Every structure is written in structure tokens, then in C-alpha cells.
Amino acid sequence: MLTQLQEQKLTHYFNVLDFDKSETLEKKDFTSIGANLGTLWGFTEHSVEYQASMDRCGRMWEDFRLFIDKSPDEKATIEEWLEFADKSIVNGNEEMYEMHINKIAREIVDLFDTDHDGFISLNEYLDLFMAYRIEIKYSAKAFTKIDLNGDDLISKVELLGAIREFFRSDDENARGNWLFGFWDNPMWA
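Residue numbers for the sequence shown follow our numbering, so the first one is 1097 and each next one is one higher.
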């Protein structure tokens, strides 16, 4: 069962992914993120780069859709999301958990490591916040929380550690809690 802290973080993540704020996750939420990335990076709508961004985000939806109940409307409510997160990520088997967090890390690196150096720079991390429409004023603080060695880069090891903390930690001070920006934690107020 999810703890109150885990439920708060996972609800925040759901709200980040719910691009149109319809209180459900659906394909258009993910393709909207892809379109936002294309605009952010200056790709014209019919360019190969724009289509690649759309395809990546569409695959993110397809991967996620495999985990939710096959409802006819192909949408996931917050309750379905929290049930999925509880059973498959937070309290699920280790193989499923590792597969999911590695997939998230790979998606972040694939989408945002634009110079392909294997690291996420502050500017690339800012792109993540802008693409997902996360409140940008928390991006620098979040970046420094995740950049454990202070080299101004987030390595794959640091990213995976942050993802692990975000999904499973029940420590309100865990650095990974900041992965997707500030969320309404009374301890941080």
C-alpha cells in the first residue's frame, strides 16, 4: 500500500503527465508533450525531427497503456494510475520495478540529452520542465538536488537514483522527490 508521501508524489507526477488537465491520462497528453518538445526545439510541424519527437512520446503512451486496464476509452484515471503505481512500481515485483524505472531514465535521456554526451545539463533539464509544463521556478533547485556530485551535470547513475527515490522513498527529504519539480508537500512550505 502506498504511503501518504508516495501518494502525494505520484499524484503530482500524474498531474505533470496530464497535459490537458482533464484528470485522465490518455494518448493526447503524451503527444502534446511531443508537440511541445518540437516547438521548444524549433522543429517545423512536418519535419523529420518533429515527427521523431511525436513518435517517441507516442511510444511512451503505448508503453504506459500496456499497464492500465484496457478500458474502451483508453484513459487512465488518478485511481487507476495510483493502483498501477502501487502494484507495479512501488510495491510490485523487483523485475517490473527495475524495468519501469530504467524505461523512465531512458526516456528522459533519449528526449532531453540533446548534445548526446550521456548527461543532462541544467539547460537540458530546463527543457524537461518546459516540455512538461512544470513550474520552471523550481527547476534549478531540483537540478541541484539531483546533481549529487555538484559537477553541473546529471549522470545516468544520479538520474536512476533520483527516479528510485521519487517512486519508492518515504523520506520527505529525499533528493529524488524533486525529480519533477515542486509538489505540494507541507514539509516544504
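Note that beta-carbon positions come from the ideal geometry of N, C-alpha and C, so glycine has one too. None of the values given here were measured: they were computed from a predicted structure.
- Per DSSP, the unbroken alpha helix (DSSP H) holding Val1144 starts and ends at 1144 to 1161.
- The beta carbon of Phe1126 is closer than 6 Å to those of Cys1153, Met1156, Trp1157 in its chain, skipping five residues each way along the sequence.
- Within the model, the alpha-carbon separation for Asp1243 versus Phe1180 is close to 29 Å.
- Contact between Ala1238 and Leu1207 does not hold, since their C-beta atoms are separated by about 17 Å, which reaches or exceeds 8 Å.
- Rounded to the nearest whole angstrom, the CA to CA distance from Gly1130 to Ser1265 is 29 Å.
- Non-local beta-carbon contacts of Leu1101 in its own chain, meaning distances under 7 Å to residues more than five positions away in sequence, involve Asp1266, Glu1268 in chain order.
- Pairing Gly1277 with Ala1258 gives a Cβ-Cβ distance that is not under 8 Å.
- Within the same chain, Cβ atoms closer than 8 Å to the Cβ of Glu1231 are found at Phe1225, Gly1277, Phe1278, the five residues on either side in sequence being excluded.
- Counting along the chain, Asn1111 sits inside the alpha helix (DSSP H) bounded by residues 1100 to 1113.
- Residue pairing by DSSP places Thr1173 opposite Thr1120 in a beta bridge.
- Residue pairing by DSSP places Leu1249 opposite Ser1217 in a beta bridge.
- Where Asp1206 is concerned, the enclosing alpha helix (DSSP H) starts and stops at 1190 to 1208.
- Gly1257 sits in a helix when the DSSP states are folded into three classes.
- Using a 10 angstroms sphere on the CB of Ala1236, the tally of other CB atoms stays under 16, which defines it as exposed.
- Between Thr1173 and Thr1107, the gap from beta carbon to beta carbon reaches 8 Å or more.
- With fewer than 16 other CB atoms across the displayed protein chains lying within 10 angstroms of its CB, Glu1145 is exposed.
- The three-state secondary structure of Ala1270, taken from DSSP, is coil.
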